[in-house]
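At position 152 of the sequence shown the residue is numbered 152 (the UniProt record's numbering), and the sequence of numbers has no breaks.
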Amino acid sequence: MKHTKSEQLFKEAEKYIPGGVNSPVRAFKSVGLAPIFADKAHGDRLIDVDGNEYIDYICSWGPLMLGHSPDFMSEGLEEMAKRGTSYGVATEIEIEVAKIIVDAYPAIDQVRMVNSGTEATMSALRVARGYTNRNKILKFEGCYHGHSDGLLVQSGSGTLTFGVPTSPGVPADVVKNTLVCRYNDMDDVRRVFEEQGDDIAAVIVETVSGNMGVVPGTQEFIQGLRDICNEYKTVLIFDEVITGFRLAYNSSIGYFGVEPDMVCFGKIIGAGMPVGAYGARKEIMSCVSPVGPVYQAGTLSGNPLAMFLGKKNLETLRDHKDIYSELDRKGKMLQEGIQNNLKKLGLDYTVNRAGSLVCLFFTSGPVQNFDDATKSDIDKFNAYFKEMLDRGILIAPSQYEAMFLSYAHTDEDIEYTIKCNYEALKASHN
Ligand code: PLP
1 MKHTKSEQLF KEAEKYIPGG VNSPVRAFKS VGLAPIFADK AHGDRLIDVD GNEYIDYICS
61 WGPLMLGHSP DFMSEGLEEM AKRGTSYGVA TEIEIEVAKI IVDAYPAIDQ VRMVNSGTEA
121 TMSALRVARG YTNRNKILKF EGCYHGHSDG LLVQSGSGTL TFGVPTSPGV PADVVKNTLV
181 CRYNDMDDVR RVFEEQGDDI AAVIVETVSG NMGVVPGTQE FIQGLRDICN EYKTVLIFDE
241 VITGFRLAYN SSIGYFGVEP DMVCFGKIIG AGMPVGAYGA RKEIMSCVSP VGPVYQAGTL
301 SGNPLAMFLG KKNLETLRDH KDIYSELDRK GKMLQEGIQN NLKKLGLDYT VNRAGSLVCL
361 FFTSGPVQNF DDATKSDIDK FNAYFKEMLD RGILIAPSQY EAMFLSYAHT DEDIEYTIKC
421 NYEALKASHN
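This is the structure we're talking about:
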């Protein structure tokens with residue numbers, strides 16, 4: 001497989017864009033390869049600028065539940081664009097999308113549109129702090145909630161779990177109110193609540209983490225968070241930027257049977273357009289400007305073209321709930337196929353899955369938290385990634401990401417992926 005044009009474009013891009021990319025993971029740096037540049041994509045296939053075709057398991061990192069550019073998506077889009085691409089005053093379609101989201105998610109009465117998942121989590125935390133009049137927030141090691149300052153944190157050492165910035169440019173002062181606990185560890189959470197529970201405004205969690213590979217929260221953990229937040233009157237926020245409308249139509253509520261106080265969405269609700277949203281009961285959302293004092297705004301929030309595509313995506317998922325059982329079946333097929341290959345090759349690795357999110361960890365299991373995930377053999381993963389790419393299978397260029405299945409992934413393509421997985425594992429373990 002030749003990547004001549006991608007390589008040329010990368011050199012050019014590096015001159016004008018830091019690292020040649022607008023989001024770090026696209027640089028393929030962790031796998032030590034030059035990145036590919038996309039030309040177009042349809043269904044489960046992505047074609048790069050050199051004409052190489054891949055079965056795509058990145059799928060824009062989650063928004064494309066129905067695969068790339070389903071034909072019906074673009075119908076009417078040109079017409080919409082001709083009527084205007086942004087107005088700066090309210091539109092009817094914003095109400096329609098808000099209503100679809102609120103109807104789908106029983107825990108919320110109202111939702112505010114923003115432009116990304118990062119904005120959604122950042123804004124939700126501000127609202128939770130304003131609502132509770134408390135400063136501290138609690139997050140979990142290995143969970144990613146976007147790149148706002150207060151969330152770029154890892155756990156520090158010491159008896160109390162305090163935040164340490166993971167990026168230069170984030171002052172220690174900014175993260176001093178961010179506490180970090182181990183994922184899936186209620187004992188750790190209880191310890192922190194016993195010490196500082198009355199100061200904790202919010203707990204923010206990915207119910208199934210898709211940012212340390214795929215690590216599902218256990219039922220006890222998610223329920224435990226609900227119970228402890230009730231006890232301390234702390235706002236429980238589910239960050240459903242990945243899981244929203246993916247695990248089930250009613251997202252984690254359907255999957256775990258647990259309701260949060262607030263929710264953050266992104267990705268699927270915009271069908272690939274830059275969109276995020278946060279929502280809660282009216283009592284909490286009444287804190288938000290212009291009703292309440294907590295300020296949050298956006299020039300392009302609720303953008304009509306983004307709403308147009310998001311609405312189509314959500315309506316399709318709402319009206320064809322069989323999509324979820326189909327995706328679960330496909331996820332299971334992929335998981336079991338990889339597990340069989342591991343068995344045949346005598347490799348003691350772990351395949352985690354939640355619905356259509358799948359991850360092969362290059363370590364023995366169980367993988368239930370960040371420490372477990374980081375035991376993975378990264379050199380082996382990198383070799384495997386290259387072997388898969390050479391066979392036309394595009395997976396995320398990092399061990400700590402999910403394989404995103406879409407409704408457009410055919411059984412034949414999944415079977416072919418399983419075959420390539422066998423060959424790639426074999427080739428990278430010689
Ligand atoms: N929350 C979660 C769970 C995510 O996975 C991401 C991004 O992948 C974000 C928040 C941030 O979203 P965005 O990249 O749209 O800012």
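Glycine included, each C-beta is placed from N, C-alpha and C at the ideal position. From a predicted model like this one, the values you see are computed outputs, not experimental measurements.
- In the structure shown, N352 adopts extended strand secondary structure according to DSSP, grouped into three states.
- Leaving aside the five residues that flank T85 on each side, the residues in its chain whose CB is nearer than 8 Å to its CB run, in chain order, N303, P304 and L305.
- Taking C-beta separations shorter than 7 Å and ignoring five residues to either side along the sequence, the partners of Y249 in its chain run A104, L317, R318, K321 and Y324, following chain order.
- Here the segment 362-377 makes no contact with the segment 22-38; the two share fewer than three CB pairs at distances below 8 Å.
- Judged by the Cβ position, T121 qualifies as a neighbour of the ligand PLP at the 7 Å threshold, a heavy atom of the ligand being closer than this.
- DSSP assignment within the segment 257-303 yields the following whole alpha helix (DSSP H) runs of 4 residues or more, N-terminal first: 282-285.
- DSSP places V358 inside the beta strand (DSSP E), whose first and last residues are L357 to F361.
- Judged by the Cβ position, I237 fails to qualify as a neighbour of the ligand PLP at the 7 Å threshold, every heavy atom of the ligand being at least this far.
- C181: not part of any alpha helix (DSSP H); member of the beta strand (DSSP E) spanning T178 to C181, first to last residue.
- The criterion of a C-beta distance shorter than 8 Å is not satisfied by G292 and G276.
- G88 and A297 have their C-alpha atoms spaced approximately 11 Å apart.
- In the three-state scheme derived from DSSP, where H, G and I count as helix and E and B as strand, E401 is classed as coil.
- The Cβ neighbour count for F256, taken over all protein chains shown within 10 Å, is at least 16; the residue is labelled buried.
- Cα atoms of S116 and K344: separation of roughly 42 Å, rounded to the nearest angstrom.
- If you draw a straight line from the Cα of M122 to the Cα of D239, it is about 11 Å long.
- CA-CA distance, P260 to I338, rounds to 34 Å.
- A direct Cα-to-Cα measurement between D390 and M1 gives close to 6 Å.
- The nearest non-hydrogen atom of the ligand PLP is 7 Å or more from the C-beta of N230.
- In the DSSP annotation of this structure, the continuous segment of the alpha helix (DSSP H) that includes Q219 starts and ends at Q219 to Y232.
- In the pairwise beta carbon analysis, the segment 342-362 is classified as not touching the segment 171-182: fewer than three pairs are separated by under 8 Å.
- For the pair L138 and V203, the CB atoms are nearer than the 8 Å cut-off.
- With fewer than 16 other beta carbons inside 10 angstroms of its own, G365 counts as exposed.
- Not one heavy atom of the ligand PLP is found less than 7 Å from the C-beta of S252.
- Annotation for M333: I414 place their beta carbon closer than 6 Å to its own, counting only its chain and skipping 5 residues before and after.
- Annotation for E206: no alpha helix (DSSP H) segment contains it, and DSSP assigns it neither H nor E.
- DSSP, reduced to helix, strand and coil, places P168 outside both helices and strands of the structure shown, so it counts as coil.
- According to the DSSP assignment, D328 belongs to the alpha helix (DSSP H) that extends over D322 to L345.
- Here the C-alpha atom of L125 lies approximately 15 Å from the C-alpha atom of M113.
- With contact defined as three or more Cβ pairs closer than 8 Å, the segment 221-229 and the segment 8-28 are not in contact.
- Excluding residues up to 5 positions away in sequence, T121, K139, L151, I204 and D239 lie with their Cβ nearer than 7 Å to the Cβ of H145 in the same chain.
- At the C-beta level, I101 and I269 come within 8 Å of one another.
- Rounded to whole angstroms, the separation of the alpha carbons of P216 and Y131 is 29 Å.
- Around S301, the same chain offers R112, M113, V114 and N115 as residues with beta carbons nearer than 8 Å, after the five sequence neighbours per side are excluded.
- In the DSSP annotation of this structure, L138 is not part of any alpha helix (DSSP H); the continuous beta strand (DSSP E) holding it starts and ends at K136 to F140.
- For Q219, there are no CB contacts under 6 Å within the same chain when 5 residues up- and downstream are skipped.
- For M388, no beta strand (DSSP E) run applies; the uninterrupted alpha helix (DSSP H) run containing it begins and ends at I378 to D390, by DSSP.
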